[in-house]
Each structure stands twice: as structure tokens, then as C-alpha cells.
Amino acid sequence: DFRQAEFTAIMGPSGSGKSTLMHCVAGLDTFSSGSVRIGDTELGSLKDKQLTKLRRDKIGFIFQAFNLLPTLTALENITLPMDIAGRKPDKQWLESVIGMVGLKDRLGHRPSQLSGGQQQRVAVARALASRPEIIFGDEPTGNLDSRSGAEVLGFLRNSVRELGQTVVMVTHDPVAAAYADRVVFLADGRIVDEMYRPTADSVLDFMKQFDAKGRTS
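Going left to right, the sequence shown walks through residues 1071 to 1287 as our numbering numbers them.
Next comes the structure, spelled out in C-alpha cells:
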């Protein structure tokens, strides 16, 4: 389970199924067995149009590639999902999100006028702006330097603490995982362990032990 108002990191070796798990839970991929439920909605029972609507209304995404439209300003990129859905943003909520990620003086800039860290801030704000039930991040700091990555992770951490957001993030980085409330470890498509209140050192130690077991098994 991914609990409400909790930040969960998913870790594991390459090929362990991290991204596949996230894509299935987010309704991006189909699954052949088991079930996925977001709130009261069972994803396996939905048709394509219903899945599209659910992703648009209840899920936010942050990818390694920022996926911003180059012809739109930062503000237009942030509000795009709601514009497509025909919904007006909650002005007070939008202002709080923009303030949290520090974009007030960059809203009129296009992506080419922003640094990588600023572009990912726009992506974080876009994911938060529609008040989704859950946000999924697939290596959201993978293309950022350490300082920009720490800023983005701090924004996600704050969104959980201050806004009650639910965040699930795939990462290979113990430092990134340490921002989470819980780390789930995968191997061969299965959950093999989990850790609460992780630190970078405790996650790194676990991954080293895990790798050693894999080499000797």
C-alpha cells in the first residue's frame, strides 16, 4: 500500500521492476494479475477513456525528462492539465504551490529561458497544481545537479508535510531516498523489504548487503 500523505521511495537493482511497478500503479501500463486501486477506484475495471480521465484528475507525474511544452510559459505549463480538462485552477492553492517551489519571478519565462532545476520546479508545480490524490516521480532528479536535485526533493518533502500530498518516487539514489518516509526495496519484480525513517547511510548499507547477497546466491 502507498499510504495517504506519505512519501514513499521505490528502490532496487536495474531490472528489478521499479518503473514497471510505478507504471502499473499509475495506470500507464496494463497488468495481467492482481489489482490496483486509487481511492475507491479499481483501475483494472476501467476502459481507456476512463483511465485517461483518472490520470488527468487524480494523478500527477514528474519524470526525469521535464516534459514541458517549449512554446508555453512556466505558468501555462503548470496549468496545462487543468486547461485541457476544462477546469479553473484554485487560485489560492496555485499561489501556495508556486510560492513553495520558488517560481513567482519566473512564471512568464519559457522553458528555454530556465535552468534544468527551474524546469523541474515547473514540473513539480504542474503535478501539484491540480491537487491530485497521488504524485508519481520516475527518477525526478536524474537530470539535475546535486543542489537542484536537493531543492526538488525538498519541495516534494514539503508538499507531503505542509499540503498532505501523497508521493511515490522511483530512485536509485540513497540520498534521494532519504527524503522519503519509507523505502520499498524490489528484486525480481517482488517487494523484498522496506525501511522507515531512512537515512542515506542506512539505505546505502542495505543496498550493499542486498548486492552482496545477489552475488553469492
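Note that beta-carbon positions come from the ideal geometry of N, C-alpha and C, so glycine has one too.
Closest by CA to residue i, which one among the options?
| i | options | result |
| --- | --- | --- |
| A1220 | I1204, Q1120, V1230 and G1187 | G1187 |
| T1143 | Q1183, A1075, G1085 and L1223 | Q1183 |
| P1244 | L1233, T1211 and T1236 | T1211 |
| P1181 | P1159, Q1189 and K1174 | Q1189 |
| D1258 | D1071, E1112, G1087 and T1078 | G1087 |
| H1179 | E1165, T1141 and D1160 | T1141 |
| A1135 | S1115, K1123, L1164 and V1194 | V1194 |
| D1153 | D1071, D1118, R1196 and I1205 | R1196 |
| L1177 | A1155, T1149 and E1203 | T1149 |
| V1237 | R1201, L1113, S1218 and R1217 | R1201 |
Between which two residues does the beta strand (DSSP E) carrying residue i extend?
| i | result |
| --- | --- |
| L1256 | R1252 to A1257 |
| F1131 | I1129 to F1133 |
| A1079 | F1077 to M1081 |
| R1260 | R1260 to Y1266 |
| G1207 | I1204 to D1208 |
| V1238 | V1237 to V1240 |
Using the Cβ count rule (16 or more neighbours within 10 Å means buried), how would you classify residue i?
| i | result |
| --- | --- |
| L1139 | exposed |
| S1229 | buried |
| I1132 | buried |
| T1286 | Reliability of the predicted coordinates at T1286 is poor, the pLDDT of 49 falling under 50, and no value is obtained from them. |
| Q1162 | exposed |
| N1147 | buried |
| Q1074 | exposed |
| Q1279 | exposed |
| A1199 | buried |
| D1281 | exposed |
| T1269 | exposed |
| S1084 | exposed |
| Y1249 | buried |
| G1224 | exposed |
Note the first and the last residue of the continuous alpha helix (DSSP H) segment covering residue i.
| i | result |
| --- | --- |
| R1196 | G1186 to A1199 |
| G1169 | K1161 to V1171 |
| V1106 | No alpha helix (DSSP H) holds V1106; DSSP gives it neither H nor E. |
| L1223 | S1216 to L1233 |
| T1149 | A1144 to A1155 |
| T1090 | K1088 to V1095 |
| P1244 | P1244 to A1247 |
If residue i sits next to residue j, beta carbons under 8 Å apart, how far is it from one beta carbon to the other, in whole angstroms?
| i | j | result |
| --- | --- | --- |
| D1215 | V1240 | Actually they are not in contact, since the Cβ atoms of D1215 and V1240 sit about 20 Å apart, beyond 8 Å. |
| D1263 | E1076 | About 17 Å; that fails the 8 Å criterion. |
| R1126 | P1151 | 6 Å |
| T1090 | D1099 | 7 Å |
| M1092 | I1080 | 7 Å |
| F1332 | I1205 | Since the first residue shown for the chain is 1071 and the last is 1287, residue 1332 is missing from the structure and cannot be characterised. |
| L1124 | G1097 | 6 Å |
Original post:
So does the stretch 1259–1276 actually touch the stretch 1103–1110, counting three or more Cβ pairs closer than 8 Å?
Top reply: A contact is defined here as three or more CB-CB pairs under 8 Å, and the stretch 1259–1276 fails this definition with respect to the stretch 1103–1110.
**OP:** Taking 8 Å as the threshold, find out whether the stretch 1169–1178 comes into contact with the stretch 1116–1135 through three or more Cβ pairs.
**Re:** no
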